[in-house]
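Numbering (our numbering), first residue to last: 97 to 560.
C-beta atoms are modelled at their ideal positions from N, C-alpha and C, and glycine is treated no differently.
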Ligand SMILES: Cc1cc2nc3c(=O)[nH]c(=O)nc-3n(C[C@H](O)[C@H](O)[C@H](O)COP(=O)(O)OP(=O)(O)OC[C@H]3O[C@@H](n4cnc5c(N)ncnc54)[C@H](O)[C@@H]3O)c2cc1C
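(1) Which first and last residues belong to the beta strand (DSSP E) in which residue 506 is found?
(2) On a Cα-Cα basis, can you pick out the residue from 164, 257, 440, 112 that is closest to residue 184?
(3) Going by C-alpha distance, which of 138, 460, 207 is nearest residue 190?
(4) So, with DSSP's three-state summary, where would you put residue 540?
(5) Looking at ligand 1, does it come within less than 6 Å of residue 395, judged from the CB to the closest heavy atom?
(6) Can you find the residues in the same chain that come closer than 7 Å, C-beta to C-beta, to residue 360, ignoring five residues on each side of it along the sequence?
(7) Within a Cβ cutoff of 7 Å, which residues of the same chain sit near residue 442, ignoring the five residues on either side of it in sequence?
(8) Cβ of residue 449 within 7 Å of Cβ of residue 374?
(9) Cβ of residue 240 within 6 Å of any heavy atom in ligand 1?
(10) What separation, rounded to the nearest whole angstrom, lies between the Cα atoms of residue 353 and residue 552?
(11) Residue 161 and residue 555 look like a contact to me (Cβ under 8 Å); what is the Cβ gap, rounded to whole Å?
(12) Assuming residue 405 and residue 396 are in contact, meaning their beta carbons sit under 8 Å apart, how far apart are those beta carbons, in whole angstroms?
(13) Can you tell me the Cβ-Cβ gap for residue 155 and residue 286, rounded? I've got them flagged as a contact below 8 Å.
(14) Quick check on residue 182: does DSSP put it in helix, strand or coil?
(15) What did DSSP end up calling residue 391 once you bin it into helix, strand or coil?
(16) Taking just the CA atoms, how far does residue 496 sit from residue 311?
(17) Measuring only the C-alpha atoms, how far is residue 557 from residue 223?
(18) What did DSSP end up calling residue 452 once you bin it into helix, strand or coil?
(19) For the pair the region 373-389 and the region 414-429, tell me if three or more CB-CB distances fall below 8 Å.
(20) Return yes when at least one heavy atom of ligand 1 lies under 6 Å from the C-beta of residue 173, else no.
(21) State yes or no: is the C-beta of residue 150 nearer than 6 Å to some heavy atom of ligand 1?
(22) Does the beta carbon of residue 262 fall short of 6 Å from some heavy atom of ligand 1?
(23) List the DSSP bridge partners of residue 530.
(24) To the nearest angstrom, report how far apart residue 297 and residue 320 are at their CA atoms.
(25) Between residue 182 and residue 465, what straight-line distance do the alpha-carbon atoms span, to the nearest angstrom?
(26) Consider the C-beta atom of residue 391 and the heavy atoms of ligand 1; say whether any pair is separated by less than 6 Å.
(27) Could you tell me the alpha carbon to alpha carbon distance between residue 547 and residue 459, rounded to whole angstroms?
(28) Return the bridge partner residues of residue 404 from the DSSP annotation.
(29) Do residue 179 and residue 145 have their beta-carbon atoms positioned less than 7 Å apart in this structure?
(30) Could you check where the alpha helix (DSSP H) with residue 473 kicks off and where it finishes?
(31) Just checking my contact of residue 491 with residue 503 at CB under 8 Å: how many whole Å lie between their CB atoms?
(32) Report, in whole angstroms, the separation of the C-beta atoms of residue 208 and residue 255, which I expect to be a contact under 8 Å.
(33) With DSSP run on the structure shown, which of helix, strand or coil describes residue 462?
(34) Taking the alpha-carbon positions, what's the residue 132 to residue 186 distance?
(35) Below 6 Å CB to CB, which residues in the same chain sit around residue 136 once its five sequence neighbours on both sides are set aside?
Below is the structure:
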């Protein structure tokens with residue numbers, strides 16, 4: 097319930113935020129309400145607030161991630177950025193249709209608009225659209241470089257904040273100017289925290305690789321652990337004392353149920369990372385084998401151990417090099433993130449994995465099977481080749497030890513019949529899916545067309 101209220105409030109605040117300054121602006125200029133100038137100012141206000149919210153969201157705020165899930169936050173980020181950009185174009189066109197003069201204020205607006213335009217076009221072409229990305233990726237542009245370029249939008253945001261706050265319409269209404277400066281400053285500070293301070297904290301919190309196993313030709317498992325360090329302990333404790341972090345921790349305690357598993361752990365203060373099974377993190381390896389780029393991977397180990405692991409499949413330049421990482425290399429860890437974490441509370445579950453999409457389920461099932469599994473679980477794992485079933489033994493053992501766990505590996509087989517019969521055999525199960533986007537669409541369509549009775553459908557996308 098608390099979660100639903102928070103989600104609703106967040107969406108209302110985000111969407112309605114520009115309405116308040118727009119309302120005050122329209123009241124002041126009531127005589128000219130339907131003139132082009134008013135429309136241009138209102139579109140400018142919308143553009144400003146939406147771009148600022150986009151910047152705030154990009155700071156990877158964990159509370160938002162817990163409420164919506166990281167991929168949905170990123171999707172919202174993209175939609176809001178597009179609306180903000182269209183509003184800024186409208187603002188620009190309407191403004192020059194009335195009058196245009198070159199001044200420091202208009203130049204800052206022009207710089208912001210041009211950078212936003214370039215960043216948004218490049219992002220739409222090479223980050224957000226998988227078809228064009230796949231077509232071009234190896235020939236021209238690498239995803240991580242585009243991601244780096246995406247950060248130029250911060251320069252555009254700063255230019256936009258200056259443009260708006262030195263405009264005569266803002267200066268003449270101090271209340272409006274104050275609110276715009278405050279929200280702009282909050283966004284920039286959050287970004288500085290995300291891009292700078294968070295990285296420093298990550299550098300202090302050292303992790304080291306303890307083993308690298310080639311499970312198959314294309315799949316590598318990397319095990320790592322946090323290195324204890326007294327300084328780290330004090331610095332991270334200090335950060336946890338910051339008011340916002342305290343509020344966040346209190347809220348997480350309140351949220352409780354998802355963390356039941358972790359709560360029961362006797363935490364070794366400095367080495368076990370509190371996490372839920374199925375979560376992921378962003379990793380940077382400090383190694384000669386790979387560049388210092390940041391990539392997201394699911395934590396495939398169970399939650400109750402100081403050793404964490406990722407299981408990675410070669411899918412491009414970076415992942416192809418990861419098997420060359422060596423024991424002793426260090427890594428930076430930002431996480432955990434994600435809400436793909438079912439609770440073992442006696443419910444009916446159908447887990448469906450396509451290929452390497454098995455990683456969250458490895459973590460979930462390893463964590464569940466530490467005690468007796470209480471839920472009724474069927475795992476369907478669909479792969480192309482037998483050799484891709486790299487955790488076959490693990491799932492067979494869990495099946496042997498737990499009568500309420502069924503494991504169905506499918507090698508190069510159509511999943512439809514198995515999926516439909518599994519769902520029909522259970523009473524309104526919750527379906528968890530992780531795998532290729534096409535398979536995701538297919539499962540959703542199958543549920544809809546066959547009118548399958550399920551409790552809920554959750555999915556994890558391996559792309560942001
Ligand atoms: C939440 C999440 C969990 C994931 N868990 C796993 C896992 O457990 N095992 C696994 O093998 N793979 C996982 N992935 C996918 C993995 O992140 C990508 O395969 C990897 O980043 C590809 O990098 P590349 O340079 O080798 O390939 P590329 O060919 O450069 O990229 C292939 C695709 O991976 C995505 N990608 C590439 N770089 C990034 C980046 N820096 N940030 C975000 N996405 C990127 C893009 O969608 C891209 O099209 C996960 C992805 C996400 C988003």
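Short version:
(1) If you number the chain shown from 1, residue 506 lands on position 410. From DSSP, the beta strand (DSSP E) with residue 506 extends over 501-507.
(2) Mapped onto the chain shown, residue 184 falls at position 88. Ranking 164, 257, 440, 112 by Cα distance to residue 184 puts 257 first.
(3) Stepping through the chain shown from its first residue, residue 190 is reached at position 94. Among 138, 460, 207, the Cα nearest to that of residue 190 is on 138.
(4) Here the question's residue 540 lines up with position 444 in the chain shown. Reduced to three states, the DSSP call for residue 540 is helix.
(5) For the purposes of this step, residue 395 is taken as residue 299 along the chain shown, with counting starting at 1. Answer for residue 395: no, Cβ out of range of ligand 1.
(6) The count along the chain shown starts at 1 and reaches residue 360 at position 264. Because residue 360 carries a pLDDT of 41, less than 50, the predicted location of this residue cannot be relied on, and the following value inherits that uncertainty. If we look at residue 360 and ignore the five residues flanking it on each side, it has no Cβ neighbours.
(7) Within the chain shown, the letter at position 346 stands for residue 442. Around residue 442: 470, 471.
(8) On the chain shown, residue 449 is found 353 positions in, with the first residue counted as 1. On the chain shown, residue 374 is found 278 positions in, with the first residue counted as 1. No; because the gap between Cβ atoms is not below 7 Å, this pair is not in contact.
(9) Stepping through the chain shown from its first residue, residue 240 is reached at position 144. True, at least one ligand heavy atom lies under 6 Å from that Cβ.
(10) One-based indexing of the chain shown puts residue 353 at position 257. One-based indexing of the chain shown puts residue 552 at position 456. Because residue 353 carries a pLDDT of 42, less than 50, the predicted location of this residue cannot be relied on, and no value is offered for it.
(11) Taking the chain shown and counting its residues from 1, one reaches residue 161 at position 65. Taking the chain shown and counting its residues from 1, one reaches residue 555 at position 459. Wrong, their Cβ atoms sit about 16 Å apart, outside the cutoff.
(12) Numbered from its first residue, the chain shown carries residue 405 at position 309. Numbered from its first residue, the chain shown carries residue 396 at position 300. Yes, residue 405 and residue 396 are in contact; Cβ-Cβ is about 5 Å, under 8 Å.
(13) Stepping through the chain shown from its first residue, residue 155 is reached at position 59. Stepping through the chain shown from its first residue, residue 286 is reached at position 190. Their Cβ separation, rounded to whole angstroms, is 4 Å, which keeps residue 155 and residue 286 in contact under 8 Å.
(14) Counting from one through the chain shown, the residue named residue 182 turns up at place 86. In the structure shown, residue 182 sits in a helix (DSSP, three-state: H, G or I).
(15) Here the question's residue 391 lines up with position 295 in the chain shown. The answer is strand: DSSP assigns residue 391 an E or B state.
(16) By 1-based counting over the chain shown, the position of residue 311 is 215. By 1-based counting over the chain shown, the position of residue 496 is 400. The straight-line gap from Cα to Cα measures roughly 23 Å.
(17) Residue numbering aside, residue 557 sits at position 461 when the chain shown is read from its first letter. Residue numbering aside, residue 223 sits at position 127 when the chain shown is read from its first letter. About 14 Å.
(18) Taking the chain shown and counting its residues from 1, one reaches residue 452 at position 356. In the structure shown, residue 452 sits in a helix (DSSP, three-state: H, G or I).
(19) yes
(20) Here residue 173 is taken as the residue at index 77 of the chain shown, counted from 1. Residue 173: no, Cβ never under 6 Å from ligand 1.
(21) Stepping through the chain shown from its first residue, residue 150 is reached at position 54. Checking the Cβ of residue 150 against ligand 1 gives no.
(22) To locate residue 262, count along the chain shown from 1; it is residue 166. False, no ligand heavy atom lies under 6 Å from that Cβ.
(23) For the purposes of this step, residue 530 is identified with residue 434 of the chain shown, where counting begins at 1. Answer is 449, 556.
(24) Here the question's residue 297 lines up with position 201 in the chain shown. Here the question's residue 320 lines up with position 224 in the chain shown. Cα-Cα distance, rounded: 18 Å.
(25) Working through the chain shown from its first residue, we reach residue 182 at position 86. Working through the chain shown from its first residue, we reach residue 465 at position 369. Going by the C-alpha atoms only, they are around 51 Å apart.
(26) As a first step, residue 391 must be located in the chain shown, where it is residue number 295. Result yes, Cβ under 6 Å from ligand 1.
(27) On the chain shown, residue 547 is found 451 positions in, with the first residue counted as 1. On the chain shown, residue 459 is found 363 positions in, with the first residue counted as 1. Going from the Cα of residue 547 to the Cα of residue 459 covers about 31 Å.
(28) Stepping through the chain shown from its first residue, residue 404 is reached at position 308. 320.
(29) On the chain shown, position 49 is the one that residue 145 refers to. On the chain shown, position 83 is the one that residue 179 refers to. The answer is no: Cβ separation not under 7 Å.
(30) For the purposes of this step, residue 473 is taken as the residue at position 377 of the chain shown. Counting along the chain, residue 473 falls outside any alpha helix (DSSP H), though it belongs to the beta strand (DSSP E) covering 472-479.
(31) Translated into the one-based positions of the chain shown, residue 491 becomes position 395. Translated into the one-based positions of the chain shown, residue 503 becomes position 407. With a Cβ gap of about 4 Å, residue 491 and residue 503 count as contacting.
(32) For the purposes of this step, residue 208 is taken as the residue at position 112 of the chain shown. For the purposes of this step, residue 255 is taken as the residue at position 159 of the chain shown. Indeed they touch by this definition, with Cβ atoms about 4 Å apart.
(33) For this step, residue 462 is matched to residue 366 along the chain shown. Helix at residue 462.
(34) Mapped onto the chain shown, residue 132 falls at position 36. Mapped onto the chain shown, residue 186 falls at position 90. Residue 132 and residue 186: Cα-Cα distance of roughly 11 Å.
(35) The residue you call residue 136 lines up with position 40 of the chain shown. Excluding residues within five positions, the ones whose Cβ falls inside 6 Å are 187, 190, 191.
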